[in-house]
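Okay, so here's the structure we're looking at.
Number of protein chains: 2
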Amino acid sequence: MSIRDVAARAGVSPATVSRVFTRPESVAADTRRRVMAAAEELQYVPHAAARSLAQGRTGNLGVVVPDIANSWSATITKAVQQEARRDGFALFVAGSDEAAVDEEQWARAMVPRVDGLLLVSPQMPDTALQTIADLIPVVVTNRVLDDIPAVLTNTFEATGHAVEHLHSLGHRRLVYLAGPQGYANEVRLDGFRSACARLGIEAAELGPFHARFTEGVRAADLVLATEATGVVAYNDEIAVGVLNRLADRGVRVPEHVSVVGFDDTGLAEMVTPRLTTVRIPAASAGVAAVSLLLSVMAGRDVSGRSLVELPGELIIRASTGGVPGSVATRGSQ
Amino acid sequence: MSIRDVAARAGVSPATVSRVFTRPESVAADTRRRVMAAAEELQYVPHAAARSLAQGRTGNLGVVVPDIANSWSATITKAVQQEARRDGFALFVAGSDEAAVDEEQWARAMVPRVDGLLLVSPQMPDTALQTIADLIPVVVTNRVLDDIPAVLTNTFEATGHAVEHLHSLGHRRLVYLAGPQGYANEVRLDGFRSACARLGIEAAELGPFHARFTEGVRAADLVLATEATGVVAYNDEIAVGVLNRLADRGVRVPEHVSVVGFDDTGLAEMVTPRLTTVRIPAASAGVAAVSLLLSVMAGRDVSGRSLVELPGELIIRASTGGVPGSVATRGSQ
DNA sequence: ATGAAAGCGCTAACAC
DNA sequence: GTGTTAGCGCTTTCAT
């Protein structure tokens with residue numbers, strides 16, 4: 033069932049059929065109708081590969097995320113998919129399970145199948161990333177590399193707000209639970225350290241942990257072995273793991289220990305107590321990444337706007353409260 | 033950078049280069065090495081579209097899920113992606129947001145770009161589904177349609193176990209919170225009704241609800257307006273929404289009300305109290321679906337094994353307990 | 001074991 | 001506004 037069959041049936045040339053499917057307005061209205069009818073009757077579907085070959089473009093985008101089943105990845109993937117669709121692109125998705133090798137393999141496998149590639153928090157070496165970016169338009173999130181456009185979630189300030197928040201509640205000893213090494217973790221850690229230093233807070237660090245619930249469960253006991261009264265976790269999943277384990281050990285949140293997460297994934301509002309967290313606009317990040325990618329693909333000069341920064345925002349919920357005995361406790365007893 | 037460039041550099045014909053990339057063993061060892069070297073130096077990447085056109089296959093699979101960001105969908109997508117990879121396929125992913133129209137559009141958009149299509153719990157009309165299945169190999173999950181291979185999650189029995197479990201705890205009035213209309217909901221509802229009838233339990237039904245947290249929050253108040261002491265929710269997200277709202281209204285789980293979910297997504301273990309739920313092996317479903325799809329694509333006769341059933345399993349956790357005043361309460365006070 | 005040549009289905013000049 | 005023609009880059013007979 034090719035374009036020739038349709039052409040024959042409609043009594044026109046193959047080129048005309050092609051035009052109907054590419055620039056319909058360039059064909060006379062009633063010829064167009066005849067062609068459409070013929071295509072309909074024959075159940076004709078244009079052959080994507082042939083089209084790609086002739087046009088030199090695939091109409092596909094690709095995204096590689098750390099973990100498809102992770103809530104943050106899924107949210108960003110969803111936004112990317114919807115945005116890609118608006119622009120007429122289909123989307124390849126792959127998860128690397130946080131393995132740099134798989135990530136690189138996937139990126140390479142996608143290169144010939146897509147017009148542009150989005151790498152979410154990539155872990156692969158700079159050189160590998162650069163090699164791929166030389167082959168095809170690439171946009172990354174949460175990674176800074178010369179000449180590669182990026183969407184960054186800048187949580188430095190918001191992390192400071194989280195620490196200030198805990199400080200105002202009387203906390204003087206905090207611990208940060210580190211996530212996988214990378215831009216996101218660095219910014220959070222920097223924000224944590226600098227705010228603690230500024231406020232005279234005793235700051236400890238544990239980890240790194242994988243960005244998963246079970247790791248938070250494990251982290252909780254390590255936290256209790258310190259003197260910290262407040263925990264700032266790399267992400268919501270770790271924070272929720274902490275919440276869970278603390279509850280099992282009879283430690284009450286926020287009465288005994290306060291917990292702050294990052295991301296504000298749906299999870300944060302689903303747990304008890306609801307989680308205080310630094311919201312990161314995952315959907316916006318996805319949308320921004322796609323539009324940046326499209327700019328690069330269009331060959332537009334993006335040097336000016338090639339680093340999009342999205343600020344975090346502290347969302348205060350029920351997992352943070354006054355330190356026992358402090359004045360701040362009064363209202364919450 | 034085409035196959036001709038590589039051929040020229042290696043001093044062989046394009047055909048030989050092609051062979052090196054398709055059936056390496058059919059080329060003399062040292063010719064092969066020369067070609068590989070040339071390809072390497074030129075950074076040659078085979079052109080996917082040209083390859084597809086010549087071979088008549090794309091090397092791609094597609095999956096359409098109800099919601100990329102939903103935990104169940106994400107888990108199955110992840111499994112599908114990993115399984116597809118094992119077999120050398122890249123994966124297109126699209127989310128329909130539970131809209132039958134979008135779902136159908138995506139499926140149609142994918143048809144020319146893939147060798148096989150997996151539709152997860154499709155909502156589109158039978159005829160639309162059939163039309164697509166006539167165009168390309170299709171496998172569905174949680175949908176029964178003549179001649180279309182399917183992976184079904186059979187939760188009838190396990191739902192009965194859930195009801196028995198509640199009955200044994202003294203519950204005599206239960207309510208089922210219905211999810212979106214479809215196979216999964218029907219089986220759960222059937223299992224619920226038949227077990228209630230068998231055990232002489234007063235069975236009410238509410239809904240349908242979207243399979244989301246916020247819908248569970250909404251449902252909780254409706255539940256409290258009934259006399260039910262036990263809730264069986266369509267999925268974990270709804271169940272967790274119920275948990276949340278009940279806590280806000282001062283209703284204790286499981287002391288006052290017991291709650292059961294479905295799916296056993298990661299969520300079930302993260303909330304307080306941990307959720308009793310009917311586990312459905314999402315990852316296995318994904319793997320089974322892909323292998324079924326590959327069979328269909330290979331033209332193998334699947335008439336015998338074209339309906340794969342995966343049984344559910346009741347996982348008892350902390351969200352179910354004895355009815356107040358009943359003998360079953362004793363241990364838990 | 002390797003080369004020559006045809007063609008996969010479509011698009012895009014270029015003519016008319 | 002429509003037809004003719006030459007590829008897009010690769011695979012695959014068919015020779016040799």
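These protein sequences, in sequence, are chains P and H.
Read left to right, the first sequence gives residues 33 to 365 (the working numbering).
Read left to right, the second sequence gives residues 33 to 365 (the working numbering).
Every residue gets a Cβ at the ideal spot worked out from N, C-alpha and C, and that includes glycine.
Exercise. Roughly how many angstroms separate the alpha carbons of Arg362/P and Val249/H, rounded to a whole number?
Worked result: For the purposes of this step, residue 362/P is taken as residue 330 along the first sequence, with counting starting at 1. For the purposes of this step, residue 249/H is taken as residue 217 along the second sequence, with counting starting at 1. At Arg362/P the pLDDT is 43, less than 50, meaning the model places this residue with poor confidence; the figure from the coordinates comes in the next sentence. If I take the Cα positions, the gap works out to 30 Å.
For this session: Taking only the alpha-carbon atoms, compute the straight-line gap between Leu149/P and Asp99/P and give it to the nearest angstrom.
Result: The count along the first sequence starts at 1 and reaches residue 149/P at position 117. The count along the first sequence starts at 1 and reaches residue 99/P at position 67. Answer to the nearest angstrom: the Cα atoms are 17 Å apart.
For this session: Report, in whole angstroms, the separation of the C-beta atoms of Thr352/P and Thr308/P, which I expect to be a contact under 8 Å.
Result: Within the first sequence, residue 352/P is the residue found at index 320, counting from 1. Within the first sequence, residue 308/P is the residue found at index 276, counting from 1. 4 Å between Cβ atoms; contact.
Problem set entry | Ser290/P (DSSP reduced to helix, strand or coil) | Numbered from 1 along the first sequence, position 258 holds the residue referred to as residue 290/P. Reduced to three states, the DSSP call for Ser290/P is strand.
For this session: Use the C-beta contact count for Glu234/H: other C-beta atoms within 10 angstroms, 16 or more gives buried, fewer gives exposed.
Result: Position 202 of the second sequence, counting from 1, holds the residue named residue 234/H. Exposed: under 16 other Cβ atoms inside 10 Å.
For this session: Could you tell me whether the Cβ of Phe224/P comes closer than 8 Å to any Cβ of chain H?
Result: As a first step, residue 224/P is located in the first sequence; it is residue number 192 there, counting from the start. Chain H, which has no Cβ nearer than 8 Å to the Cβ of Phe224/P, makes this no.
Exercise. Would you call Ala257/H buried or exposed, if buried means 16 or more other Cβ atoms sit within 10 Å of its Cβ?
Worked result: What you label residue 257/H is simply residue 225 of the second sequence in a count that begins at 1. Exposed, since its Cβ has fewer than 16 Cβ neighbours within 10 Å.
Problem set entry | Contacting residues, own chain, Cβ-Cβ under 8 Å from Gln365/H (five flanking each side not counted) | Translated into the one-based positions of the second sequence, residue 365/H becomes position 333. Below a pLDDT of 50, predicted positions are generally treated as unreliable, and Gln365/H, at 38, falls in that range; no measurement from the model is reported.
Problem set entry | Residues that Met142/P contacts on chain H, provided the C-beta gap is smaller than 7 Å | For the purposes of this step, residue 142/P is taken as the residue at position 110 of the first sequence. Result: Ala122.
Exercise. Taking Cβ-Cβ distances below 9 Å as the criterion, which residues of the stretch 195–216 of chain H are in contact with chain P?
Worked result: none
Exercise. Run through DSSP, which three-state label would Ile180/H get?
Worked result: Locating residue 180/H in the second sequence gives position 148, counting from the first residue. Residue state, collapsed to three classes: coil.
Exercise. To which residues of the same chain is Asn217/H closer than 8 Å at the C-beta, ignoring the five residues directly before and after it?
Worked result: Numbered from 1 along the second sequence, position 185 holds the residue referred to as residue 217/H. So the list reads Ala210, Gly211, Pro240 and Tyr266, once near-sequence residues are dropped.
For this session: For Ser84/P, decide whether its Cβ has a neighbour in chain H, counting only Cβ atoms nearer than 8 Å.
Result: Residue numbering aside, residue 84/P sits at position 52 when the first sequence is read from its first letter. Judged by the 8 Å Cβ criterion, Ser84/P is in contact with chain H.
Problem set entry | Where Gly298/P sits in the DSSP three-state scheme | Residue 298/P sits at position 266 when you count from the first residue of the first sequence. Three-state DSSP puts Gly298/P in coil, outside helix and strand.
Problem set entry | Reduced DSSP secondary structure (H/G/I, E/B, other) of Pro240/P | Here residue 240/P refers to the residue found at position 208 when the first sequence is read from its first residue. Here Pro240/P sits in coil by DSSP.
For this session: Assuming Val322/P contacts Ala122/P (C-beta within less than 8 Å), just tell me the rounded distance between them.
Result: Along the first sequence, one-based indexing puts residue 322/P at 290. Along the first sequence, one-based indexing puts residue 122/P at 90. Their Cβ separation, rounded to whole angstroms, is 13 Å, which puts Val322/P and Ala122/P out of contact at 8 Å.
Problem set entry | Three-state secondary structure (DSSP) of Val355/P | The count along the first sequence starts at 1 and reaches residue 355/P at position 323. Looking at Val355/P - three-state DSSP - the assignment turns out to be coil, as it is neither helix nor strand.
Exercise. Are Ser290/H and Thr261/H close, meaning C-beta to C-beta below 8 Å?
Worked result: Locating residue 290/H in the second sequence gives position 258, counting from the first residue. Locating residue 261/H in the second sequence gives position 229, counting from the first residue. Going by C-beta atoms, Ser290/H is nearer than 8 Å to Thr261/H.
For this session: Out of Asp37/P, Gln114/P and Thr187/P, state which residue places its alpha-carbon closest to the alpha-carbon of Leu93/P.
Result: Locating residue 93/P in the first sequence gives position 61, where the first residue counts as 1. With distances taken between Cα atoms, Leu93/P lies closest to Gln114/P.
Problem set entry | In DSSP terms, what Leu209/H is bridged to | Reading the second sequence from its first residue, position 177 is the one you call residue 209/H. According to DSSP, which records beta bridges pairwise, Leu209/H is partnered with Leu238/H and Ala265/H.
Exercise. Would Gln113/P count as contacting chain H if we go by Cβ distances under 8 Å?
Worked result: In the first sequence, residue 113/P corresponds to position 81, counting from 1. So, interface residue.
For this session: Could you tell me whether any Cβ in chain P is nearer than 8 Å to the Cβ of His242/H?
Result: Sequence index remark: in the second sequence, residue 242/H carries index 210 (1-based). It does not; no Cβ of chain P falls within 8 Å.
For this session: Taking 8 Å as the threshold, find out whether the stretch 275–289 of chain H comes into contact with the stretch 68–75 of chain H through three or more Cβ pairs.
Result: no
Problem set entry | Three or more C-beta pairs below 8 Å linking the stretch 191–201 of chain P and the stretch 151–170 of chain P | no
For this session: Taking 8 Å as the cut-off, decide whether the C-beta atoms of Ser389/H and Gly91/H are in contact.
Result: Since the displayed chain H opens at 33 and closes at 365, residue 389/H lies outside it and no answer follows.
Exercise. By how many angstroms is the C-alpha of Ala243/H removed from the C-alpha of Ala229/H?
Worked result: Sequence index remark: in the second sequence, residue 229/H carries index 197 (1-based). Sequence index remark: in the second sequence, residue 243/H carries index 211 (1-based). One C-alpha to the other measures close to 26 Å.
For this session: Kindly list the residues whose CB is nearer than 6 Å to the CB of Val143/P, restricted to its own chain and excluding five residues on each side of it in sequence; keep chain order.
Result: Residue 143/P sits at position 111 when you count from the first residue of the first sequence. Once the five neighbours on either side are set aside, the close Cβ partners of Val143/P are Leu167 and Ile168.
Exercise. Mind checking Ala320/H: buried by the 16 CB within 10 Å criterion, or exposed?
Worked result: For the purposes of this step, residue 320/H is taken as the residue at position 288 of the second sequence. Classification of Ala320/H: buried, given that the 10 Å Cβ count is 16 or more.
Exercise. What are the uninterrupted segments assigned as alpha helix (DSSP H) that are 4 or more residues long and contained completely in the stretch 99–183 of chain P, given in chain order?
Worked result: 103–118, 132–142 and 158–167
Problem set entry | C-beta neighbour in chain P for Gln365/H, strict 8 Å | For this step, residue 365/H is matched to residue 333 along the second sequence. Confidence in Gln365/H is poor, its pLDDT being 38 and thus under 50, which makes the residue's placement unreliable; the coordinate value appears in the next sentence. Closer than 8 Å: no.
Problem set entry | Sequence-distant residues of the same chain with beta carbon closer than 6 Å to Val171/P, five excluded per side | Residue mapping note: residue 171/P aligns to position 139 of the first sequence, counting from 1. Excluding residues within five positions, the ones whose Cβ falls inside 6 Å are Leu150, Pro181, Ala321, Leu324 and Leu325.
Exercise. What residues of chain H sit near Thr48/P, judged by a beta carbon separation below 8 Å?
Worked result: In the first sequence, counting from the first residue as 1, residue 48/P sits at position 16. Within chain H, no residue comes near Thr48/P; the closest Cβ sits about 20 Å away, beyond 8 Å.
Exercise. What span of residues does the alpha helix (DSSP H) with Pro46/H cover, start to end?
Worked result: Here residue 46/H refers to the residue found at position 14 when the second sequence is read from its first residue. Element bounds for Pro46/H: Pro46 to Thr54.
Exercise. Would Gly371/H be called buried (16 or more neighbouring beta carbons within 10 Å of its own) or exposed?
Worked result: Nothing in the structure corresponds to residue 371/H, since chain H is present only between 33 and 365.
Exercise. Taking any Cβ of chain H, which residues in the stretch 127–155 of chain P have a Cβ under 7 Å from it, in chain order?
Worked result: Gly127, Ala141, Met142, Val143, Pro144 and Arg145
Exercise. So what's Gly91/P in DSSP terms, helix, strand or just coil?
Worked result: By 1-based counting over the first sequence, the position of residue 91/P is 59. If DSSP states are grouped into helix, strand and coil, Gly91/P belongs with coil.
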